[in-house]
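Asker:
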Amino acid sequence: MRIGVITFPGTSDDRETAAAVTAAGAEPIELWHNEANLARVDAVVLPGGAAHGNYLRPGALAAHAPIMTRVASAAESGLPVLGINNGFQILCEAGLLPGALVTNASARFECVDACLRFENTATPFTSAFQAGEEIVLPVRTKAGAFVADAQTITRLESENQIVARFVNDPIGSTSAIAAVRNEPGNVLGIIASPEQSIEAGFTPADPDTKLPAKPDGLKFFTSVLAERVN
Amino acid sequence: MGRVVVEVMPKPEILDPQGKAIDAALAEKGYDRFRSVRQGKRFELEVDGEVTEGDLELIHRVAEEVLANFVIEDVVKVEAL
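From first to last, the protein sequence lines are chains S and A.
Using my numbering, the first residue of the first sequence is number 119, and each one after it goes up by one.
Using my numbering, the first residue of the second sequence is number 46, and each one after it goes up by one.
The structure is reproduced here in structure tokens:
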């Protein structure tokens with residue numbers, strides 16, 4: 119299976135994301151922001167970082183990159199698309215996910231290990247998890263607070279598009295939202311770094327017990343592989 | 046050469062942590078007259094020659110498409126200088 123990893127100028131987590139793809143048993147395909155095609159990938163990941171220096175708004179300029187036109191049309195036809203942190207911001211700015219991500223309530227860059235609880239796992243990247251399951255992932259973001267108008271939030275709730283919430287929200291997101299999917303479910307955005315928790319011995323610490331958490335981030339990447347095989 | 050100013054503000058219902066931090070810093074310095082501070086953005090777009098009606102229409106479109114994100118921001122001014 120070929121999983122595209124898109125690099126924009128200023129993307130910083132593309133290598134870790136490619137390593138996570140490899141660890142899951144898939145082949146990472148490097149994609150550059152100004153490419154005009156997706157090189158026949160079976161899924162695509164937009165990694166974290168600060169594309170275009172986050173000028174204008176986080177993700178705003180990257181959302182207009184040439185490759186995003188292809189990502190949008192492929193997503194329309196059902197291609198699994200995962201946006202992590204800055205990638206989530208880009209997907210919102212591109213209109214592939216609802217809402218927007220704004221500066222954390224603390225106005226600070228937050229760098230903490232946080233617990234996320236799954237609400238709905240019907241996406242290609244989360245099928246290995248159960249609703250109600252809690253996992254620990256690193257959160258590293260300056261603009262991770264999800265916002266949308268009240269009507270949109272109600273719709274996200276009723277359509278089961280809220281994939282995960284923070285147990286103790288470190289960033290001040292609306293309803294503690296940590297991960298959101300589009301209506302069909304093939305596009306997922308998350309404000310936490312699954313690619314940073316893929317190997318035992320190098321995982322975040324559980325915020326309650328301070329013990330190393332399980333490398334659950336890897337399951338985002340093995341999920342999409344399993345979906346493909348099935 | 047003509048110049049058009051576009052101003053964008055966060056929507057009133059969106060929390061503006063930057064504005065709040067500025068407000069707190071002002072109060073710290075003893076400037077406690079202000080109820081609140083909100084921070085927005087000002088863009089200046091230059092065109093060759095005079096600013097035409099067509100330019101203003103185009104800039105309105107650009108403001109809505111790129112300069113502002115309507116989920117969180119409003120365009121509060123588009124004006125030729």
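The beta carbon of each residue, even a glycine, is placed where N, CA and C say it ideally should be.
It should be emphasised that the depicted structure is a prediction, and the values quoted were computed from it without experimental measurement.
Using a Cβ cut-off of 8 Å, pull out every chain A residue sitting near valine 257 of chain S, in sequence order please.
Answerer: Near valine 257 of chain S there are no residues of chain A at all, since even the closest Cβ is about 17 Å away, more than 8 Å.
Asker: Would you mind listing the alpha helix (DSSP H) stretches within the segment 126 to 157 of chain S that are 4+ residues and don't spill past its ends, in chain order?
Answerer: Listed in chain order, they are 132 to 142.
Asker: Give the DSSP bridge partners of glycine 307 of chain S, in chain order.
Answerer: Paired residues: S/Gly201 and S/Val298.
Asker: If you measure between the beta carbons of alanine 144 of chain S and leucine 336 of chain S, is that distance less than 8 Å?
Answerer: Result no, Cβ atoms of alanine 144 of chain S and leucine 336 of chain S do not sit closer than 8 Å.
Asker: Kindly identify the DSSP beta-bridge partner or partners of aspartate 231 of chain S.
Answerer: DSSP output for aspartate 231 of chain S lists S/Pro256 as bridge partner(s).
Asker: Along the chain, where does the alpha helix (DSSP H) containing glutamate 98 of chain A start, and where does it finish?
Answerer: Where glutamate 98 of chain A is concerned, the enclosing alpha helix (DSSP H) stretches over 98 to 107.
Asker: Quick one: does alanine 66 of chain A have its CB under 8 Å from some CB of chain S?
Answerer: Yes, its Cβ sits closer than 8 Å to a Cβ of chain S.
Asker: So, helix, strand or coil for isoleucine 124 of chain S, using DSSP?
Answerer: The answer is strand: DSSP assigns isoleucine 124 of chain S an E or B state.
Asker: Tell me, to the nearest whole angstrom, how far the beta carbon of asparagine 304 of chain S is from that of proline 146 of chain S; I am working on the premise that it is less than 8 Å.
Answerer: Not confirmed; about 19 Å, so no contact.
Asker: For the segment 123 to 141 of chain S, which residues have a beta carbon sitting closer than 7 Å to at least one beta carbon of chain A?
Answerer: So nothing in the stretch comes that close.
Asker: For valine 92 of chain A, I'd like the list of residues in its chain whose CB is within less than 8 Å of its CB, leaving aside the five on either flank, ordered along the chain.
Answerer: Excluding positions up to five away in sequence, the list reads Met46, Gly47, Arg48, Val49 and Asp100.
Asker: The alpha helix (DSSP H) that contains isoleucine 316 of chain S, what's its start and end?
Answerer: Segment: none, isoleucine 316 of chain S is in no alpha helix (DSSP H) and carries neither H nor E.
Asker: So, proline 55 of chain A versus arginine 83 of chain A, is the Cβ gap smaller than 8 Å?
Answerer: Yes, the pair counts as a contact, with Cβ atoms nearer than the cut-off.
Asker: Between which two residues does the beta strand (DSSP E) holding alanine 282 of chain S run?
Answerer: Taken as a continuous stretch (DSSP letters only), the beta strand (DSSP E) holding alanine 282 of chain S covers 280 to 284.
Asker: Taking buried to mean at least 16 other C-beta atoms within 10 Å of its own C-beta, is valine 121 of chain A buried or exposed?
Answerer: Flag for valine 121 of chain A reads exposed.
Asker: Mapping the DSSP letters down to three states, classify leucine 164 of chain S as helix, strand or coil.
Answerer: Strand at leucine 164 of chain S.
Asker: Using a Cβ-Cβ cut-off of less than 9 Å, give me the residues of the segment 269 to 286 of chain S that come near chain A, in sequence order.
Answerer: Taking 9 Å as the Cβ-Cβ cut-off against chain A, the residues of the segment 269 to 286 of chain S that qualify are Thr270.
Asker: At what residues does the beta strand (DSSP E) containing lysine 86 of chain A begin and finish?
Answerer: From DSSP, the beta strand (DSSP E) with lysine 86 of chain A extends over 86 to 92.
Asker: Going by DSSP, what residue range makes up the beta strand (DSSP E) through glutamate 52 of chain A?
Answerer: Glutamate 52 of chain A -> beta strand (DSSP E) spans 47 to 55.
Asker: Using a C-beta cutoff of 8 Å, does glutamine 63 of chain A count as contacting chain S?
Answerer: Chain S, which has a Cβ nearer than 8 Å to the Cβ of glutamine 63 of chain A, makes this yes.
Asker: Quick one: give me the first and last residue of the beta strand (DSSP E) that leucine 219 of chain S is part of.
Answerer: Start and end: 218 to 220.
Asker: Which residues bound the beta strand (DSSP E) around lysine 122 of chain A?
Answerer: That run of the beta strand (DSSP E) goes 118 to 125.
Asker: Among S/Ile121, S/Ser293 and S/Pro127, which one has its Cα closest to the Cα of glycine 217 of chain S?
Answerer: The residue with the shortest Cα to Cα distance from glycine 217 of chain S is S/Ser293.
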